[in-house]
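Q: Residue numbers (the working numbering), protein chains in the order written: chain Z, 189 to 472; chain F, 189 to 472.
Glycine included, every Cβ here is placed at the ideal spot set by N, Cα and C.
Quick caveat: nothing in here was measured; it's all calculated off a predicted structure.
Structure incoming, see below.
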């Protein structure tokens, strides 16, 4: 596996491997089984197209708000590289911030519809940071395919929209959320939870899942009754403060007024202490 | 020469020509000798790299403000294609607006420093429209090089900035302004001028050129004396209303406070009746 610490080494690698298409997995490091499932999926896709897997590890400052955890975000680079190696990644691009951003940088890629609600409402500027850095990583690594986790469902929808609206010649693959035994979604932020918070955290997924089952069975016939059900189920998480719960169209992320032709997706975010967790489920 | 009316035919063409690098010339049509000089330059560059020349003709609605001349903008497609053919263009992409923009499009590429002054001050949103469409055309045509005219000097600087900040793997070539016998810069908008306005229009270039010569000779020792000189010289254009005159650093477009290490560029815009003309000169 090749470790590429800057744009120059990346460009040399691309030039030496120019005959083979690439499958990209962009990450912020602090890798866990959620990420390695993306590497595994990328490996499968790369096999299918005769290509190679390139991962990126970059804790992107522009997607953190000033009060958020950029400085504290975990950066276990050696362990991350070992996981990449063990899961068949061919090359890892690991730039530092000043390699990615000039001091007088002035270009932003922004999304104005899908990104204003849900996580975007409580994290202003976050998705501009995500779109801009993902556009840069796409242009730097020039992949045929890129794999993102469904765990960050709004991010996935925003990136699909960016690819569509800017005509990136890249296929986007959404990969299912990986969960702990108790169904808590894997996240680099789970390490911040106290043991009491960790014990209650799976209630977020459980409330989403029972609500989704109620919608699928017809017991919860309207978005409003589904919301009442979710809130009652989530009330068991006494240490948590709900940020949002929404039932949206899976591709436009617009709140559903009724269950009809649309494909519904249930998304929620909640603070356990200072730690903000997100999760989402489909209705099937 | 291949005419490619939509993304599907463009992709087929790219796929069939994938072994050869491309030199792109994006235009809004209404082609004149200014544009054909860009095709000629692209042809030379293509010869150098063993590549092909692709032009685009697209009157981009998002870079016109509501009160501007989008509907009236000339669209002489057959004459434009004949000029492309005569100047060695290999393929022309000629999409319609709904091919380029989904009704629910929501991604914008914006520039926040270079684009707020000069033309950007009187055309809010213009450079967002330019950046977004040029990013799309770059991603659709995937060129190795792209040629833009120095006539739109601020646009050229903004596009260089976009390429740098988003890491587009594309070289940008600025080509010199082509002028009429009386030194008026060629522009698709010159046809809007009355004969009286047309007679006065070259005063814009003349005032810029004499100011630049005064700076080069040292007679105009400060930006302020240079401004006084320009305004006096431009006063001869009795039918014109000056929009701006600025002496800026050629790469940052920041106004110069003195003539020192920077490379100065003189830029001006003026209305002749309803027609807004722009021009710029170097100091050499």
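1. Below 6 Å CB to CB, which residues in the same chain sit around residue 323 of chain Z once its five sequence neighbours on both sides are set aside?
2. So, helix, strand or coil for residue 484 of chain Z, using DSSP?
3. If you measure beta-carbon to beta-carbon, which residues of the segment 281-306 of chain F are closer than 9 Å to chain Z?
4. Contact between the segment 377-395 of chain Z and the segment 409-429 of chain Z: three or more CB pairs below 8 Å?
5. Name the chain Z residues whose beta carbon is nearer than 7 Å to that of residue 349 of chain F?
6. Kindly indicate if chain Z contains any beta-carbon less than 8 Å away from that of residue 437 of chain F.
7. May I ask you to report which of helix, strand or coil DSSP gives residue 298 of chain F?
8. Could you pull the DSSP bridge partners for residue 210 of chain Z from this structure?
9. In the DSSP assignment, what residue or residues form a beta bridge with residue 229 of chain F?
10. How far does the alpha helix (DSSP H) with residue 433 of chain F in it reach, from first residue to last?
11. Less than 8 Å between the beta carbons of residue 464 of chain Z and residue 457 of chain Z, yes or no?
12. For residue 363 of chain F, which of helix, strand or coil comes out of DSSP?
13. Determine the DSSP secondary structure at residue 250 of chain F, reduced to helix, strand or coil.
14. What are the residues in the segment 232-253 of chain F lying within 8 Å of chain Z by C-beta distance?
15. Below 8 Å on the Cβ atoms is my guess for residue 357 of chain F versus residue 306 of chain Z; work out the distance and round it to an integer in Å.
16. Can you check whether the C-beta of residue 357 of chain Z is within less than 8 Å of a C-beta belonging to chain F?
17. Return the residues of the segment 324-351 of chain Z that lie within a Cβ-Cβ distance of less than 8 Å from chain F, sorted by chain order.
18. Helix, strand or coil: which one does DSSP assign to residue 293 of chain Z?
19. Given 8 Å as the limit, is there contact between the segment 275-285 of chain Z and the segment 232-247 of chain Z, that is, 3 or more CB pairs closer than that?
20. How many angstroms separate the CA atom of residue 442 of chain Z from the CA atom of residue 435 of chain Z?
21. How is residue 191 of chain F classed by DSSP in three states: helix, strand or coil?
22. Which residues in the same chain have their Cβ closer than 8 Å to the Cβ of residue 354 of chain Z, if we skip the five residues on either side of it in sequence?
23. Taking residue 413 of chain F as part of the alpha helix (DSSP H), name the residues at either end of that continuous run.
24. The alpha helix (DSSP H) that contains residue 353 of chain F, what's its start and end?
25. What did DSSP end up calling residue 450 of chain Z once you bin it into helix, strand or coil?
26. Could you confirm whether any beta carbon from chain F is found closer than 8 Å to the beta carbon of residue 353 of chain Z?
27. Compute the Euclidean distance between the alpha carbons of residue 412 of chain Z and residue 452 of chain Z, then round it to the nearest angstrom.
28. Contact between the segment 337-354 of chain F and the segment 282-299 of chain Z: three or more CB pairs below 8 Å?
29. Given this structure, state the Cα-to-Cα distance separating residue 399 of chain Z from residue 227 of chain Z, to the nearest angstrom.
30. Along the chain, where does the beta strand (DSSP E) containing residue 334 of chain Z start, and where does it finish?
31. Residue 236 of chain F: buried (16+ other C-beta within 10 angstroms of its C-beta) or exposed?
32. Rounded C-beta distance between residue 211 of chain Z and residue 335 of chain Z? I'm assuming under 8 Å.
33. Closest by CA to residue 209 of chain F, which one among F:321, F:234, F:299, F:215?
34. With DSSP as the reference, label residue 279 of chain F as helix, strand or coil.
35. Just to confirm my understanding: we take residue 462 of chain Z, look at its own chain, exclude 5 residues before and 5 after, and list those with CB closer than 8 Å. What are they?
A: On the basis of the coordinates in this document:
1. Here residue 323 of chain Z refers to the residue found at position 135 when the first chain is read from its first residue. Excluding positions up to five away in sequence, the list reads 297.
2. This structure does not reach residue 484 of chain Z, given that chain Z is present from 189 up to 472, and the question cannot be answered.
3. From the segment 281-306 of chain F, only 288, 289, 290, 292, 293, 294, 295, 296, 297, 298, 299, 300, 301, 302, 303 have a Cβ closer than 9 Å to chain Z.
4. Result yes; three or more Cβ-Cβ pairs closer than 8 Å.
5. Position 161 of the second chain holds residue 349 of chain F. Under the 7 Å cutoff, chain Z gives 294, 295.
6. Position 249 of the second chain holds residue 437 of chain F. So, not an interface residue.
7. For the purposes of this step, residue 298 of chain F is taken as the residue at position 110 of the second chain. Here residue 298 of chain F sits in strand by DSSP.
8. Position 22 of the first chain holds residue 210 of chain Z. Per DSSP, Z:240.
9. Position 41 of the second chain holds residue 229 of chain F. For residue 229 of chain F, which the question treats as bridged, DSSP gives no partner whatsoever.
10. Along the second chain, one-based indexing puts residue 433 of chain F at 245. Annotation for residue 433 of chain F: no alpha helix (DSSP H) segment contains it, though the beta strand (DSSP E) segment containing it runs 428-437.
11. Within the first chain, the letter at position 276 stands for residue 464 of chain Z. Within the first chain, the letter at position 269 stands for residue 457 of chain Z. In this structure, residue 457 of chain Z lies closer than 8 Å to residue 464 of chain Z by Cβ.
12. Within the second chain, residue 363 of chain F is the residue found at index 175, counting from 1. Strand, per DSSP.
13. In the second chain, counting from the first residue as 1, residue 250 of chain F sits at position 62. In this structure, residue 250 of chain F counts as helix in the three-state DSSP scheme.
14. none
15. Position 169 of the second chain, counting from 1, holds the residue named residue 357 of chain F. Position 118 of the first chain, counting from 1, holds the residue named residue 306 of chain Z. Rounded, the Cβ-Cβ distance is 33 Å, inconsistent with contact.
16. As a position in the first chain, residue 357 of chain Z is number 169, starting the count at 1. Yes - at least one Cβ of chain F is within 8 Å of the one on residue 357 of chain Z.
17. 324, 327, 328, 330, 349, 350
18. Position 105 of the first chain, counted from the start, is the residue given in the question as residue 293 of chain Z. Reduced to three states, the DSSP call for residue 293 of chain Z is coil.
19. yes
20. Stepping through the first chain from its first residue, residue 442 of chain Z is reached at position 254. Stepping through the first chain from its first residue, residue 435 of chain Z is reached at position 247. Rounded to whole angstroms, residue 442 of chain Z to residue 435 of chain Z spans 8 Å at the Cα level.
21. Counted from its first residue, the second chain places residue 191 of chain F at position 3. Three-state result, residue 191 of chain F: strand.
22. For the purposes of this step, residue 354 of chain Z is taken as residue 166 along the first chain, with counting starting at 1. Same-chain partners within the cutoff: 297, 323.
23. As a first step, residue 413 of chain F is located in the second chain; it is residue number 225 there, counting from the start. Counting along the chain, the alpha helix (DSSP H) containing residue 413 of chain F begins and ends at 411-422.
24. Position 165 of the second chain, counting from 1, holds the residue named residue 353 of chain F. It spans 341-354 - the alpha helix (DSSP H) in which residue 353 of chain F sits, taken as one unbroken run.
25. Numbered from its first residue, the first chain carries residue 450 of chain Z at position 262. Correct three-state label for residue 450 of chain Z: coil.
26. The residue you call residue 353 of chain Z lines up with position 165 of the first chain. Closer than 8 Å to some Cβ of chain F, the Cβ of residue 353 of chain Z qualifies, so yes.
27. Taking the first residue of the first chain as 1, we reach residue 412 of chain Z at position 224. Taking the first residue of the first chain as 1, we reach residue 452 of chain Z at position 264. Cα-Cα distance, rounded: 13 Å.
28. yes
29. Against the first chain, residue 399 of chain Z aligns to sequence position 211. Against the first chain, residue 227 of chain Z aligns to sequence position 39. The straight-line gap from Cα to Cα measures roughly 31 Å.
30. Residue 334 of chain Z sits at position 146 when you count from the first residue of the first chain. Residue 334 of chain Z -> beta strand (DSSP E) spans 333-337.
31. Here residue 236 of chain F is taken as the residue at index 48 of the second chain, counted from 1. Residue 236 of chain F should be labelled exposed.
32. Position 23 of the first chain, counted from the first residue, corresponds to residue 211 of chain Z. Position 147 of the first chain, counted from the first residue, corresponds to residue 335 of chain Z. Yes, residue 211 of chain Z and residue 335 of chain Z are in contact; Cβ-Cβ is about 7 Å, under 8 Å.
33. Locating residue 209 of chain F in the second chain gives position 21, counting from the first residue. Checking every option, the nearest Cα to that of residue 209 of chain F belongs to F:234.
34. Counting from 1 along the second chain, the entry for residue 279 of chain F is found at position 91. Looking at residue 279 of chain F - three-state DSSP - the assignment turns out to be strand.
35. Locating residue 462 of chain Z in the first chain gives position 274, counting from the first residue. Only 380 meet the Cβ criterion.
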